[in-house]
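A.B. asks:
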């Protein structure tokens, strides 16, 4: 199998193209600009549309329009830009338009910094916009997953008619490693709801305004039922050395992959550590947490933020197991730092 | 040879730190190894610090990051100041002696110096400085065999002008030569 | 001994971080000299953009605010309306003013906001690595117009001075360059006139300054100055586009 050395951002963009994405609408922002630049080079050559929008706000509305044609479309941005898109995402969710929204995360709040971050977890999973809606959120941990989850994102978006967010910390966007380039997707679902000109059919309307109580409640119940189905079928997480683990680390993204090394090093020193790496941040893989809450002694939540996913972990654990939080800001921690933390906890808890 | 090596490349933005370490990553992948390359830089386009960590391993790489690389390739003095104490005990430092005017303060490290800027001037190729140090580095460490690295030259620099490829190869070989003669 | 040249008081002692050949340094200095000569440093409040000059608040020795990308005119509007006797200036680049901030700048001009905008036009987005801007010239290659800007796909570049000069609320709109000493002198004159327009309460003022980006243009500093003369000035003509006289 041929492997190509690719940056995370490039692997993601190439994955989107492999999945049949033919529209990119976005605005440059560090550390996601390479995705736009890649699409600017490739899309014109395959008959796709690349537009550098005047702002992220305009871009998400271009996504609304682009998706309504039945084309697979995407945008890429970072924290401040994703904040601008929230109104659009609420609209797109209600209108049930499939699309991929990429967040290559940087420090916040405000202009923050260009260092990597995981502090957009709340924004991503709690719907940052108004109203009752959820979006599927995927968190890759390698260049290969950047490609594979981009392909999966379009599949899920079309299957459920819903926006999918792919969130990666900035470090992963820039990380280069060998990637197996996947085969182009050839099968695409039918989309009878598109607004492409009503030749031979009744006109379609794409809207989100529902003025009567019954209509509004009906729509919301429909969306909620859809989200329930997604929750039932699409949770994904990676388990690493959980069977006999006393301390279970829960982390996502590139950070979680790095922590695999910490877990292995801790084991060499006699600590029975394990790792759960949620791949879907929404729907959150709560069953994985519930399972270890019966067998492990303590859960350690590690994030590059001040404590966000830890709330979902605590919710899932239901008080059955202590959940501790370790967070850093502004960089992806080295594995040695987490190894030290595991040893510290093991000693403190008498687990050595 | 250990199963996993982590090498830090450090200099200022514009010194070619990113491209020299990328070259190593390509060459390593070409020999069938697993490899990761992680950059970090300041916000400025030029003049800020730039450093990269390359990890080469036969097995799957969990962590592309580390606090303590086993080797460091240092292009300027602030980088030596910053990373000298991070290198693993008994590790190796490769230093551009044209830009670093002090000695390493640790006595456990093997320190190998190349007057990179001076050699680059002799070749009338100031931009090739990074390839000189890379050539010397590979000749000494054999992380990737020099011959195999040369085979990948065309591929790695594909798209660049013939002249650029030739000059980079020349710089690379000058570094190899220097290491052979002096180390 | 007579002092014939010194750092303006309106600049701090911080060393500029800009690339060699970048004209931000020149423009910062010209603004500072005007603030000194008009003796308004302590009444001045400046708003920075998101872009290479995002850290301008470290360089200007007066009250400064950071703004979200493109929103400086909105921020300046509120401050000026609440503190009408202060001097407000915004300092913005291509993306900030002409792309994401297009709504804000047009409305500030329509409302005749008595603020002074310094618009640094160097045809692309420098900070983020050289992407296309609304001011990128036809045929110009950037990282998001890799085949050259085309009128049929990306559309025509934005001429902001001409665009805003049409609004009644605009009182002084001028375009200058800083590619050679005579133009540097003219730029300073324009900035001073803009600030004086604000002082007289005549309305919105803007100086669009044609500037360089040697790093992303791939040119030496000297070549970059020539590029401004040979490529930018023909499309973005220099001159005053709107001058409202006092009644």
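Residue numbers (the numbering used here), protein chains in the order written: chain A, 1 to 352; chain B, 1001 to 1183; chain C, 2001 to 2247.
Don't be surprised by glycine CBs; every beta carbon is placed ideally from N, CA and C.
#1: Could you name the residues of chain A that residue 2023 of chain C contacts, counting a contact when the two beta carbons are closer than 7 Å?
#2: Does residue 186 of chain A pass the burial test, meaning 16 or more other C-beta atoms within 10 Å, or should it be called exposed?
#3: If you measure between the beta carbons of residue 2117 of chain C and residue 2073 of chain C, is that distance less than 8 Å?
#4: Let me check understanding here. Comparing Cα to Cα, which of C:2197, C:2096, C:2017 lies closest to residue 2059 of chain C?
#5: With 8 Å set as the bound, which would you pick, yes or no: does the beta-carbon of residue 102 of chain A sit closer than that to a beta-carbon of chain C?
#6: Quick one: what's got a C-beta closer than 7 Å to residue 1037 of chain B's C-beta in the same chain, skipping five residues either side?
#7: Assuming residue 239 of chain A is part of the beta strand (DSSP E), what are its boundary residues?
#8: Is there a C-beta anywhere in chain A that falls below 8 Å from the one on residue 2020 of chain C?
#9: Under a CB-based cut-off of 8 Å, is residue 1116 of chain B close to chain A?
#10: Taking only beta-carbon atoms, is residue 2040 of chain C less than 8 Å away from chain A?
#11: State the Cα-Cα distance for the pair residue 1097 of chain B and residue 127 of chain A, rounded to the nearest angstrom.
#12: Any C-beta of chain C within less than 7 Å: which residues of the segment 43 to 72 of chain A qualify?
#13: With 8 Å as the threshold, decide whether the Cβ of residue 30 of chain A is near any Cβ in chain C.
#14: Between which two residues does the alpha helix (DSSP H) holding residue 2217 of chain C run?
#15: Suppose you measure from the CA of residue 1045 of chain B to the CA of residue 313 of chain A; what does that come to, to the nearest Å?
#16: Give the residues of chain A in contact with residue 1093 of chain B, contact being defined as C-beta atoms less than 7 Å apart.
#17: Since residue 93 of chain A contacts residue 135 of chain A with CB under 8 Å, what's their CB separation in whole angstroms?
#18: So residue 2057 of chain C contacts chain A; which residues on that side make the cut at Cβ distance below 8 Å?
#19: Is the beta carbon of residue 236 of chain A closer than 8 Å to that of residue 280 of chain A?
#20: Using beta-carbon positions only, say whether residue 2034 of chain C and residue 2192 of chain C come within less than 8 Å of one another.
#21: How long is the line joining the alpha carbons of residue 318 of chain A and residue 292 of chain A, rounded to whole angstroms?
#22: Assuming residue 51 of chain A contacts residue 91 of chain A under a Cβ cut-off of 8 Å, what Cβ separation, rounded to an integer in Å, is found between them?
#23: Under a CB-based cut-off of 8 Å, is residue 326 of chain A close to chain C?
#24: Mind pulling the chain B residues with CB within less than 8 Å of residue 336 of chain A?
#25: With 8 Å set as the bound, which would you pick, yes or no: does the beta-carbon of residue 257 of chain A sit closer than that to a beta-carbon of chain B?
#26: Residue 79 of chain A CB to nearest chain C CB: under 8 Å?
#27: Check whether the Cβ of residue 301 of chain A lies closer than 8 Å to any Cβ atom in chain C.
#28: Can you tell me whether residue 203 of chain A is buried or exposed? The criterion is at least 16 other CB atoms within 10 Å of its CB, across all chains shown.
#29: Please classify residue 341 of chain A as buried or exposed, where buried requires at least 16 neighbouring CB atoms within 10 angstroms.
#30: Assuming residue 289 of chain A is part of the alpha helix (DSSP H), what are its boundary residues?
#31: Measuring only the C-alpha atoms, how far is residue 120 of chain A from residue 304 of chain A?
#32: Less than 7 Å between C-beta atoms, sequence neighbours within five positions excluded: which residues of the same chain meet that for residue 339 of chain A?
#33: DSSP three-state label for residue 2125 of chain C, please.
#34: Applying the 10 Å Cβ sphere with the 16-neighbour rule, what's the burial state of residue 282 of chain A?
#35: Under 8 Å, do residue 1144 of chain B and residue 1031 of chain B count as touching if we go by C-beta distance?
#36: In chain C, what lies closer than 7 Å to residue 93 of chain A by C-beta?
C.D. replies: Reading from the atomic positions:
#1: Here residue 2023 of chain C refers to the residue found at position 23 of the third chain. Residue 2023 of chain C does not reach chain A, its nearest Cβ partner there being about 21 Å away, counting only Cβ pairs nearer than 7 Å.
#2: Stepping through the first chain from its first residue, residue 186 of chain A is reached at position 186. Exposed, because fewer than 16 other Cβ atoms sit within 10 Å of the Cβ of residue 186 of chain A.
#3: Residue numbering aside, residue 2117 of chain C sits at position 117 when the third chain is read from its first letter. Residue numbering aside, residue 2073 of chain C sits at position 73 when the third chain is read from its first letter. Yes. Within cutoff.
#4: Taking the third chain and counting its residues from 1, one reaches residue 2059 of chain C at position 59. Ranked by how close their Cα comes to the Cα of residue 2059 of chain C, the residues C:2197, C:2096, C:2017 have C:2017 in first place.
#5: In the first chain, the residue the question calls residue 102 of chain A occupies position 102. Not closer than 8 Å to any Cβ of chain C, the Cβ of residue 102 of chain A fails to qualify, so no.
#6: The residue given as residue 1037 of chain B occupies position 37 in the second chain. Apart from the 5 residues on each side of it in sequence, residue 1037 of chain B sits with its Cβ closer than 7 Å to the Cβ of 1021, 1022, 1025, 1052, 1054 in its chain, given in chain order.
#7: As a position in the first chain, residue 239 of chain A is number 239, starting the count at 1. In the DSSP assignment, residue 239 of chain A falls within the unbroken beta strand (DSSP E) covering 237 to 240.
#8: For the purposes of this step, residue 2020 of chain C is taken as residue 20 along the third chain, with counting starting at 1. Residue 2020 of chain C does not count as touching chain A.
#9: Here residue 1116 of chain B refers to the residue found at position 116 of the second chain. With respect to chain A, the C-beta atom of residue 1116 of chain B has no partner C-beta closer than 8 Å.
#10: Reading the third chain from its first residue, position 40 is the one you call residue 2040 of chain C. Closer than 8 Å: no.
#11: Residue 1097 of chain B sits at position 97 when you count from the first residue of the second chain. Residue 127 of chain A sits at position 127 when you count from the first residue of the first chain. Approximately 54 Å, taken between the alpha carbons.
#12: For the segment 43 to 72 of chain A, the set of residues with a beta-carbon nearer than 7 Å to any beta-carbon of chain C comprises 44, 52, 54, 55, in chain order.
#13: Against the first chain, residue 30 of chain A aligns to sequence position 30. Using a Cβ-Cβ cut-off of 8 Å, residue 30 of chain A counts as an interface residue toward chain C, since at least one Cβ of chain C sits closer than that to its own.
#14: Here residue 2217 of chain C is taken as the residue at index 217 of the third chain, counted from 1. For residue 2217 of chain C, the enclosing alpha helix (DSSP H) stretches over residues 2214 to 2217.
#15: The count along the second chain starts at 1 and reaches residue 1045 of chain B at position 45. The count along the first chain starts at 1 and reaches residue 313 of chain A at position 313. Because residue 1045 of chain B sits at a pLDDT of 47, beneath the cut-off of 50, its placement in the model cannot be relied upon, and the point is left open.
#16: For this step, residue 1093 of chain B is matched to residue 93 along the second chain. For residue 1093 of chain B, there are no C-beta contacts with chain A under 7 Å, since the nearest C-beta of that chain is about 20 Å from it.
#17: Here residue 93 of chain A refers to the residue found at position 93 of the first chain. Here residue 135 of chain A refers to the residue found at position 135 of the first chain. The beta-carbon separation of residue 93 of chain A and residue 135 of chain A, rounded to 6 Å, stays under the 8 Å limit for a contact.
#18: As a working mapping, residue 2057 of chain C is identified with position 57 in the third chain. Taking the beta carbon of residue 2057 of chain C as reference, no residue of chain A falls within 8 Å; the closest one sits roughly 12 Å away.
#19: As a working note, residue 280 of chain A is residue 280 in the first chain. As a working note, residue 236 of chain A is residue 236 in the first chain. For residue 280 of chain A and residue 236 of chain A, yes; Cβs fall inside 8 Å.
#20: Here residue 2034 of chain C refers to the residue found at position 34 when the third chain is read from its first residue. Here residue 2192 of chain C refers to the residue found at position 192 when the third chain is read from its first residue. Less than 8 Å divides the Cβ of residue 2034 of chain C from the Cβ of residue 2192 of chain C.
#21: Here the question's residue 318 of chain A lines up with position 318 in the first chain. Here the question's residue 292 of chain A lines up with position 292 in the first chain. Take the alpha-carbon of residue 318 of chain A and the one of residue 292 of chain A: they are about 12 Å apart.
#22: Taking the first residue of the first chain as position 1, residue 51 of chain A is located at position 51. Taking the first residue of the first chain as position 1, residue 91 of chain A is located at position 91. Wrong, their Cβ atoms sit about 19 Å apart, outside the cutoff.
#23: On the first chain, residue 326 of chain A is found 326 positions in, with the first residue counted as 1. Taking Cβ atoms only, chain C never reaches closer than 8 Å to residue 326 of chain A, which makes this a no.
#24: As a working note, residue 336 of chain A is residue 336 in the first chain. Ordered by position in chain B, the residues that pass the 8 Å Cβ test against residue 336 of chain A are 1066, 1067, 1068.
#25: The sequence position of residue 257 of chain A within the first chain is 257, counting from 1. Cβ-Cβ to chain B under 8 Å: yes for residue 257 of chain A.
#26: Counting from one through the first chain, the residue named residue 79 of chain A turns up at place 79. So no, residue 79 of chain A is outside the interface.
#27: One-based indexing of the first chain puts residue 301 of chain A at position 301. No - not a single Cβ of chain C is within 8 Å of the one on residue 301 of chain A.
#28: The residue you call residue 203 of chain A lines up with position 203 of the first chain. Around the beta carbon of residue 203 of chain A, fewer than 16 other beta carbons sit within 10 angstroms, so the residue counts as exposed.
#29: Residue 341 of chain A sits at position 341 when you count from the first residue of the first chain. Result: buried.
#30: The sequence position of residue 289 of chain A within the first chain is 289, counting from 1. Run containing residue 289 of chain A: 286 to 295, per the alpha helix (DSSP H) assignment.
#31: Residue 120 of chain A sits at position 120 when you count from the first residue of the first chain. Residue 304 of chain A sits at position 304 when you count from the first residue of the first chain. Separation of residue 120 of chain A and residue 304 of chain A (C-alpha to C-alpha, rounded to the nearest whole angstrom) is 10 Å.
#32: Position 339 of the first chain, counted from the start, is the residue given in the question as residue 339 of chain A. If we look at residue 339 of chain A and ignore the five residues flanking it on each side, its Cβ neighbours are 262, 265, 266.
#33: Stepping through the third chain from its first residue, residue 2125 of chain C is reached at position 125. Strand, per DSSP.
#34: In the first chain, residue 282 of chain A corresponds to position 282, counting from 1. Classification of residue 282 of chain A: buried, given that the 10 Å Cβ count is 16 or more.
#35: What you label residue 1144 of chain B is simply residue 144 of the second chain in a count that begins at 1. What you label residue 1031 of chain B is simply residue 31 of the second chain in a count that begins at 1. The Cβ atoms of residue 1144 of chain B and residue 1031 of chain B lie closer than 8 Å to each other.
#36: In the first chain, counting from the first residue as 1, residue 93 of chain A sits at position 93. Listed by position along chain C, the residues whose Cβ is nearer than 7 Å to that of residue 93 of chain A form an empty set, because the closest Cβ is around 24 Å away.
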